[in-house]
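Here full-length UniProt numbering is used: the first residue of the sequence shown is 1, the next is one more, and so on. Glycine is no exception: its CB is placed at the ideal position from the N, C-alpha and C atoms.
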Amino acid sequence: MFRSFHSRDRAGKAVKPSKKSFREHTKLKLQQKLDSPGSGSTLVSPIVTLMVGPDQRVFAAHEDVLSLSPFFATHLKGQFFEGAPKKVALPDEVPEIFSCVLEYLYKGDYYPRLLHNKRHNSFTLEDAHDPLNLGGRGSVESTIFHPWANGDLLKDTAIYCAAEKFGLEELKRLALRKQGLQSGIPVEVILRSARFAYENTPDTDNRLRAHYLALIIRSRKIFKRSGTMQMEMEMGGSRLFFDLFVAMCQHVDDVVEIANKSSPKTI
Numbered sequence: 001m002f003r004s005f006h007s008r009d010r011a012g013k014a015v016k017p018s019k020k021s022f023r024e025h026t027k028l029k030l031q032q033k034l035d036s037p038g039s040g041s042t043l044v045s046p047i048v049t050l051m052v053g054p055d056q057r058v059f060a061a062h063e064d065v066l067s068l069s070p071f072f073a074t075h076l077k078g079q080f081f082e083g084a085p086k087k088v089a090l091p092d093e094v095p096e097i098f099s100c101v102l103e104y105l106y107k108g109d110y111y112p113r114l115l116h117n118k119r120h121n122s123f124t125l126e127d128a129h130d131p132l133n134l135g136g137r138g139s140v141e142s143t144i145f146h147p148w149a150n151g152d153l154l155k156d157t158a159i160y161c162a163a164e165k166f167g168l169e170e171l172k173r174l175a176l177r178k179q180g181l182q183s184g185i186p187v188e189v190i191l192r193s194a195r196f197a198y199e200n201t202p203d204t205d206n207r208l209r210a211h212y213l214a215l216i217i218r219s220r221k222i223f224k225r226s227g228t229m230q231m232e233m234e235m236g237g238s239r240l241f242f243d244l245f246v247a248m249c250q251h252v253d254d255v256v257e258i259a260n261k262s263s264p265k266t267i
């Protein structure tokens, strides 16, 4: 049986969380882009058919909405003759993850929504404290099976990596903040997700990577006892463990420096 971690970043118990969420700011920014000169009305924008995943699951979205993503804006620009059906094949995407990307493009957030508790100035996830699923869409699922990773991943990590591909910086920030609210994730899922993050983000983008390094260091007692951690390190082949070594050294140096500063000086 694998141990699981509990993130210190997760939100406390919510007290009547405000329904005004992170998505309000993001939705406003998205709408401003759609309303900019030359963009036209979303309602009359051409419909693009998207065939997602190896099974070609069909999605449909307005071209103007898709074009909020630099990836799609470039892909759709000048590719079609006027009046011809607009289709895009995305065989390497996971439909459940892509659905979240589309939901974000239309609504400024994806389920479960990020809710701001003004009274405590904290964030929580929709339905996170709703065990009976009253008024929501169901229980919060923090993980998702990802075929390219051949196992469960943290859903927000997969969304972050998709947002990286599609050039959606606000979605990356949203996914990272949501991931910090998750808890009780098995060690093997954390390590698999960390590897996935390293494989699907550039070296210049270290926000998600840094999140995993900090998480492992903070929960080092659990990871130290984990057979999965030992097996992963013996397998090697990932920059993750070199970065983890450097972060651990920095952590030790910081502890020593603090200890030296707090110790009385002797003459």
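is_contact[residue i, chain C] using C-beta, thresh 8 Å
| i | result |
| --- | --- |
| LEU244 | Checking the listed chains, one finds no chain C in this structure; it contains a single protein chain. |
Where residue i falls, given that 16 or more other Cβ within 10 Å makes a residue buried
| i | result |
| --- | --- |
| ILE47 | exposed |
| ARG113 | buried |
| ALA84 | exposed |
| ARG225 | exposed |
| GLU164 | buried |
| GLY108 | buried |
| LYS172 | buried |
| VAL44 | exposed |
C-beta atoms of residue i and residue j nearer than 8 Å
| i | j | result |
| --- | --- | --- |
| SER122 | GLN182 | no |
| PRO91 | ARG57 | no |
| TYR198 | ARG239 | yes |
| ASP243 | ARG209 | yes |
| MET229 | VAL187 | yes |
| LEU102 | ALA61 | yes |
| LEU191 | GLU232 | yes |
| ALA98 | PHE59 | A quick correction: the sequence has Phe, not Ala, at residue 98. For PHE98 and PHE59, yes; Cβs fall inside 8 Å. |
Own chain partners of residue i with C-beta closer than 7 Å, once the 5 adjacent residues on each side are dropped
| i | result |
| --- | --- |
| residue 328 | This structure gives no information on residue 328, because the portion of the chain shown stretches from 1 to 267. |
| residue 273 | The structure shown does not extend to residue 273, since the chain spans only 1 to 267, so no value can be given for it. |
Counterpart residues of residue i in DSSP-defined beta bridges
| i | result |
| --- | --- |
| ALA60 | THR49 |
| SER99 | None, per the DSSP bridge assignment. |
| LYS77 | The partner list for LYS77 (beta bridge, DSSP) is empty, contrary to what the question assumes. |
| LYS86 | VAL48 |
| ILE144 | LEU153 |
Cβ-based neighbour list, residue i, same chain, cut-off 6 Å, excluding 5 preceding and 5 following
| i | result |
| --- | --- |
| GLY167 | SER69, PRO70 and PHE71 |
| VAL256 | none |
| PHE223 | ILE216 and MET229 |
Residue ranges of each beta strand (DSSP E) within the segment 216-243, 3 or longer | none
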